[in-house]
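Number of protein chains: 2
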Amino acid sequence: MMEKEVMDKRHLRSIKTRQKLLEAAKEVFLEEGFQKATISQMIKKAEVGYGTAYVHFEGKEDILIVLMEDVMGKFYEIAEISFYPKSKEEAENIIHKQAYSFLKMAETERRMLQIFEQAIGISSAVSEKWKSIREKFIQRISKDISYAQENGLARKELNHELVARGWFFTNEMYLWDIVRNERQESVEEIAKTITAVYTRGLYL
Amino acid sequence: MMEKEVMDKRHLRSIKTRQKLLEAAKEVFLEEGFQKATISQMIKKAEVGYGTAYVHFEGKEDILIVLMEDVMGKFYEIAEISFYPKSKEEAENIIHKQAYSFLKMAETERRMLQIFEQAIGISSAVSEKWKSIREKFIQRISKDISYAQENGLARKELNHELVARGWFFTNEMYLWDIVRNERQESVEEIAKTITAVYTRGLYL
DNA sequence: CAAGGAATATGACATTATGTCAATAATATA
DNA sequence: TATATTATTGACATAATGTCATATTCCTTG
Chain A
1 MMEKEVMDKR HLRSIKTRQK LLEAAKEVFL EEGFQKATIS QMIKKAEVGY GTAYVHFEGK
61 EDILIVLMED VMGKFYEIAE ISFYPKSKEE AENIIHKQAY SFLKMAETER RMLQIFEQAI
121 GISSAVSEKW KSIREKFIQR ISKDISYAQE NGLARKELNH ELVARGWFFT NEMYLWDIVR
181 NERQESVEEI AKTITAVYTR GLYL
Chain B
1 MMEKEVMDKR HLRSIKTRQK LLEAAKEVFL EEGFQKATIS QMIKKAEVGY GTAYVHFEGK
61 EDILIVLMED VMGKFYEIAE ISFYPKSKEE AENIIHKQAY SFLKMAETER RMLQIFEQAI
121 GISSAVSEKW KSIREKFIQR ISKDISYAQE NGLARKELNH ELVARGWFFT NEMYLWDIVR
181 NERQESVEEI AKTITAVYTR GLYL
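In structure tokens, the structure reads:
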């Protein structure tokens with residue numbers, strides 16, 4: 001039972017138009033960057049009328065958000081890695097793995113993330129989207145720190161939310177650094193180094 | 001000997017025009033934000049002709065960069081605090097003080113930094129300017145870590161530049177968080193917490 | 001199966017910005 | 001005073017956005 005079988009011919013056409021627009025938009029974004037990309041370029045490439053773009057999307061920002069949705073999904077997956085360490089060493093392993101996966105995304109999805117970074121500065125809709133990913137991570141890390149504190153693994157005197165935020169911030173900035181191709185060092189080395197400082201700073 | 005005495009009447013007029021534009025621009029930026037601020041609003045407020053703005057500046061971005069220059073200066077001062085600790089405790093004190101001063105800037109200069117943050121995303125000129133501040137700090141921190149490592153205060157096995165970057169990133173992100181008014185906690189508490197994790201993670 | 005109705009698509013248009021430039025005004029200099 | 005230099009000006013060309021009345025395409029119902 002493919003969903004498409006059920007559809008109207010015109011609904012189908014609509015979906016196809018939308019799809020053509022998304023594909024064209026992706027190309028245009030990658031070629032021009034977020035700022036310089038224009039609706040006109042997209043509709044030309046998609047071979048549809050100008051107004052059509054506004055039928056399907058609210059504007060450039062909206063299109064980018066849709067294009068980013070699967071990348072978003074991958075971030076959420078990483079945020080959900082389970083965390084029940086029995087020792088400092090085990091904690092370090094899990095944390096390292098998580099940081100590594102997170103930073104690896106920068107390499108895997110570099111091109112789209114570059115566009116996304118540009119858009120974060122410009123579009124508040126995109127920026128909100130990213131903020132929600134960030135808060136998801138911070139909440140999660142915060143919970144993990146609490147768990148470690150309750151189980152006598154981590155320093156209890158530290159405000160877990162502040163620590164979580166600080167730790168995530170380091171990760172996030174390295175993510176963008178890598179996205180911009182500004183780091184020589186391997187993702188592995190970066191992950192190892194920042195995890196080492198963090199775990200030794202927090203754990204007993 | 002005031003510089004002004006030396007000037008032509010017309011050079012003086014030019015300086016005044018420029019000044020009027022800068023003051024008007026600041027108001028407009030603060031009222032409208034970077035995106036929505038327009039040259040037209042500024043020249044109207046400054047009571048000069050449209051083209052005049054382009055005689056004195058290359059555009060919105062350029063005006064903002066000039067407006068930010070004294071804030072920049074304050075950042076550079078903080079980056080230059082001297083660092084020759086004799087013990088882990090002394091190091092922690094200096095580092096805490098530096099982090100505190102840095103984050104305090106977020107409160108003191110909040111309004112202009114808000115505009116600056118918006119502009120970083122949009123204008124590559126502004127973004128470059130910020131990047132140079134960031135690199136200045138990272139270089140400096142990097143040197144400080146090396147010093148501590150050579151003097152047997154810090155863990156030698158860690159790549160000092162990677163650690164420096166990570167530490168600065170935490171600070172920077174908290175800076176923007178505070179600028180956005182998104183933190184309840186006091187600057188003092190934030191500085192204390194992140195410094196505690198960092199110094200324990202890095203120092204012996 | 002034909003006619004009317006609903007969903008889609010279209011591009012001309014009004015709007016709003018930007019940056020340029022030839023003309024004009026103000027001031028300096030010879 | 002006449003001429004050169006510098007500063008200012010606003011009209012214009014350009015470019016992008018988002019809207020909307022109209023056209024097209026397909027579905028439904030009598």
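Chain order of the listed sequences is A and B.
In terms of the UniProt record's numbering, the first sequence opens at residue 1 and continues consecutively.
In terms of the UniProt record's numbering, the second sequence opens at residue 1 and continues consecutively.
Cβ atoms here follow ideal geometry from the backbone N, Cα and C, with glycine treated the same way.
Check, Outcome
"Alpha-carbon to alpha-carbon, Gln184/B and Ile120/B", "25 Å"
"Arg165/B versus Ala154/B, Arg140/B and Trp176/B, residue with shortest Cα-Cα distance", "Arg140/B"
"Where Ala37/A falls: helix, strand or coil (DSSP)", "coil"
"Collapsed DSSP secondary structure at Tyr76/B in the structure displayed", "helix"
"Rounded C-alpha distance that separates Met173/B from Asn171/A", "11 Å"
"CB contact below 7 Å: Arg134/B versus chain A", "no"
"Environment of Thr108/A [buried if 16+ CB atoms lie within 10 Å]", "exposed"
"Same chain, Cβ closer than 8 Å to Met105/A, neighbours up to 5 away in sequence not counted", "Val71, Lys74, Phe75, Ile78, Leu113 and Leu175"
"Met42/A classed as buried or exposed, judged by whether at least 16 other C-beta atoms fall within 10 angstroms", "buried"
"Straight-line Cα distance separating Arg111/B from Glu128/A", "20 Å"
"Cβ contact check for the region 148-158 of chain A and the region 150-168 of chain B: 3 or more pairs under 8 Å", "no"
"Residue range of the unbroken alpha helix (DSSP H) whose run includes Asp177/A", "His160 to Val179"
"Between the CA atoms of Ile133/A and Glu80/A - distance to the nearest angstrom", "12 Å"
"N-terminal and C-terminal residue of the alpha helix (DSSP H) that Ile81/A is part of", "Element bounds for Ile81/A: n/a, residue is neither H nor E."
"Leu12/B burial status per 10 Å Cβ neighbour count (16 or more: buried)", "exposed"
"Proximal residues to Lys4/A (C-beta, below 6 Å), its chain only, five neighbours per side dropped", "With a pLDDT of 39 at Lys4/A, under the threshold of 50, the predicted position of this residue should be treated as unreliable, though the coordinate-derived value follows. Result list for Lys4/A: empty, nothing under 6 Å."
"Proximity test, Cβ basis, 7 Å: Glu188/A and chain B", "no"
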